[in-house]
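*Asks:*
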Amino acid sequence: MNVLRNVLEILRHDKKPIRRIIGKIIMKLPFDLGKVFHITIKIQDYFIYFNKSSLALSFWYNPDDRVSDYMFFTSYLKTNDTYIDIGANIGTTLIPAAKIVKGGKVIGFEPHPKIYKYLTANVSLNNMENRVEIQNCALGKERGYVHFSSYRADDENKVLLAGDGIKVPIKLLDDIGDMYTCINLIKIDVEGYEKFVIDGGIKTLKKTDCVYFEVSEEMSGSYRYTMKDLLLSLEEIGFHIFVQKEPKILEAINFDYKLDTHHTNAFAIRNIKHFLERTGWHIYDDIKYSKIK
């Protein structure tokens, strides 16, 4: 009865009821239908396989999901750039970045073994193997091993402070950053573990132009630090912090910034003028920014 009730609710209220129902069925099957039949999803100008992944399901339902990420990457990245994707998941930021930075370098990190396999398959699907280096590990402030969650909502998987989980290797961002004299962009989306990634990558971040990262007081708190701690650590490295107020418009914030949502993406920018010239974006309220600066 509960299943029938859920189906009726979807049929009554969902904007794309048939697509929603098909997606749920595919996710509940005991095998990976997307993998068996090579079902693909077109997102903007690239493809991913419809594997048993909650992120793939989101894009199956709405190919424009997380379009703000795509709009930023296509505005900011240029040919020959170097880009590092920390928390690459199934590749929905890594692949469009690799398409842009022809002649450059793209490095991705994904700790979960199953999601890493989906990531490698999606990279191959888009013929990006020669442009991309991907590693099946986490990044933090110490080398060794950590336990990693394996939630059904796989875009919420994270390093565990306690519990069993999956044992995965963990490295430092500085282990790979030493190979480059300049990094144009780093994306960090690690469900609250951002501060530890930064602590293990100070030298690399000092030669990075921009960091695109997620902030959440709740997720930071789960690792026993505050969002203020995170923002301060980036400011101390020499970054100015912004959030996106409107499409292509940034608003300056400082370490005392208070979120009115559960989470948002933020920008740590080293050279504001350079960023604006690259993207064609603007800063909201220049007077407020000058006071924060």
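All the letters of the sequence shown, read from the start, carry residue numbers 1 to 293 under our numbering. For glycine and all other residues, C-beta sits at the position ideal for the given N, C-alpha and C.
(1) Considering only residues of the same chain and omitting the five flanking positions on each side of LYS167, which have a CB-CB separation below 8 Å?
(2) Give the straight-line distance between the Cα atoms of ASP64 and GLN44, rounded to the nearest whole angstrom.
(3) Provide the residue(s) that pair with ILE86 in DSSP beta bridges, ordered along the chain.
(4) List the residues that DSSP assigns as beta-bridge partners of TYR212.
(5) Express the C-alpha separation of PHE37 and VAL211 in angstroms, rounding to a whole number.
(6) Just how far apart, CA to CA, sit LEU139 and SER124?
(7) How is the alpha helix (DSSP H) around PRO17 delimited, first residue to last?
(8) Would you mind sorting CYS301 into buried or exposed? The rule is 16 or more other CB atoms within 10 Å of its CB.
(9) Can you name the start and end residues of the beta strand (DSSP E) that GLY201 belongs to?
(10) Rounded to a whole number of angstroms, what is the C-alpha to C-alpha distance between LEU172 and ILE84?
(11) Suppose the cutoff is 7 Å on Cβ atoms and the five residues either side in sequence are ignored; what does the same chain contact list for VAL132 look like?
(12) In whole angstroms, give me the CA-to-CA distance for THR264 and ILE253.
(13) Please state if the CB of ASN126 and the CB of PHE302 are separated by a distance shorter than 8 Å.
(14) State the beta-bridge partners of ALA242 as determined by DSSP.
(15) Have a look at LEU250, THR261 and GLN244 and flag the residue whose alpha-carbon is nearest the alpha-carbon of GLU217.
(16) Rank GLY23, ASP256 and GLY165 by C-alpha distance to the C-alpha of ASP229 and give the top, closest one.
(17) According to DSSP, is PHE31 helix, strand or coil?
(18) From which residue to which residue does the beta strand (DSSP E) around PHE148 run?
(19) Starting from PRO169, follow the alpha helix (DSSP H) in both directions and report where the run begins and ends.
(20) Within 10 angstroms of the Cβ of LYS158, are there 16 or more other Cβ atoms? Answer buried if so, exposed if not.
*Replies:* Put simply:
(1) Counting from 1 along the sequence shown, the entry for residue 167 is found at position 167. For LYS167, where only same-chain residues beyond five positions count, the Cβ hits under 8 Å are TYR145, VAL146, HIS147 and PHE148.
(2) Within the sequence shown, residue 64 is the residue found at index 64, counting from 1. Within the sequence shown, residue 44 is the residue found at index 44, counting from 1. Distance between the alpha carbons of ASP64 and GLN44: 8 Å.
(3) For this step, residue 86 is matched to residue 86 along the sequence shown. BP columns for ILE86 point to PHE109 and ILE188.
(4) Start at 1 with the first residue of the sequence shown, and residue 212 comes out as number 212. Its beta-bridge partners are LYS187 and PHE267.
(5) For this step, residue 211 is matched to residue 211 along the sequence shown. For this step, residue 37 is matched to residue 37 along the sequence shown. Taking the straight line joining both Cα atoms gives about 37 Å.
(6) On the sequence shown, position 139 is the one that residue 139 refers to. On the sequence shown, position 124 is the one that residue 124 refers to. Between the alpha carbons of LEU139 and SER124 lies a distance of about 24 Å.
(7) Within the sequence shown, residue 17 is the residue found at index 17, counting from 1. If you look at PRO17, you'll find it in the alpha helix (DSSP H) that goes 17-28.
(8) Residue 301 lies beyond the stretch modelled for the chain, which goes from 1 to 293, so this question has no answer here.
(9) Within the sequence shown, numbered from 1, the residue matching residue 201 stands at position 201. DSSP places GLY201 outside any beta strand (DSSP E), giving it a letter other than H or E.
(10) As a working mapping, residue 172 is identified with position 172 in the sequence shown. As a working mapping, residue 84 is identified with position 84 in the sequence shown. Distance between LEU172 and ILE84, taken at the CA atoms: about 13 Å.
(11) Counted from its first residue, the sequence shown places residue 132 at position 132. So the qualifying residues of the chain are LEU94, ALA98, VAL106, GLY108 and VAL123.
(12) Looking up residue 264 in the sequence shown gives position 264. Looking up residue 253 in the sequence shown gives position 253. One C-alpha to the other measures close to 13 Å.
(13) Residue numbering for the chain in the displayed model covers 1 to 293; residue 302 lies beyond these limits and cannot be assessed.
(14) The residue labelled residue 242 in the question sits at position 242 within the sequence shown. The question names Ala, but residue 242 is Phe in the sequence shown. DSSP lists ALA252 and PHE267 as partners of PHE242.
(15) Locating residue 217 in the sequence shown gives position 217, counting from the first residue. Here the closest residue by C-alpha is THR261.
(16) Counted from its first residue, the sequence shown places residue 229 at position 229. Looking at GLY23, ASP256 and GLY165, the one whose alpha-carbon comes closest to that of ASP229 is ASP256.
(17) In the sequence shown, counting from the first residue as 1, residue 31 sits at position 31. Judged by DSSP in its simplified three-state form, PHE31 adopts coil rather than helix or strand.
(18) Start at 1 with the first residue of the sequence shown, and residue 148 comes out as number 148. It spans 144-148 - the beta strand (DSSP E) in which PHE148 sits, taken as one unbroken run.
(19) For this step, residue 169 is matched to residue 169 along the sequence shown. Per DSSP, PRO169 lies in no alpha helix (DSSP H); the unbroken beta strand (DSSP E) holding it starts and ends at 166-171.
(20) If you number the sequence shown from 1, residue 158 lands on position 158. With 16 or more other CB atoms across the displayed protein chains lying within 10 angstroms of its CB, LYS158 is buried.
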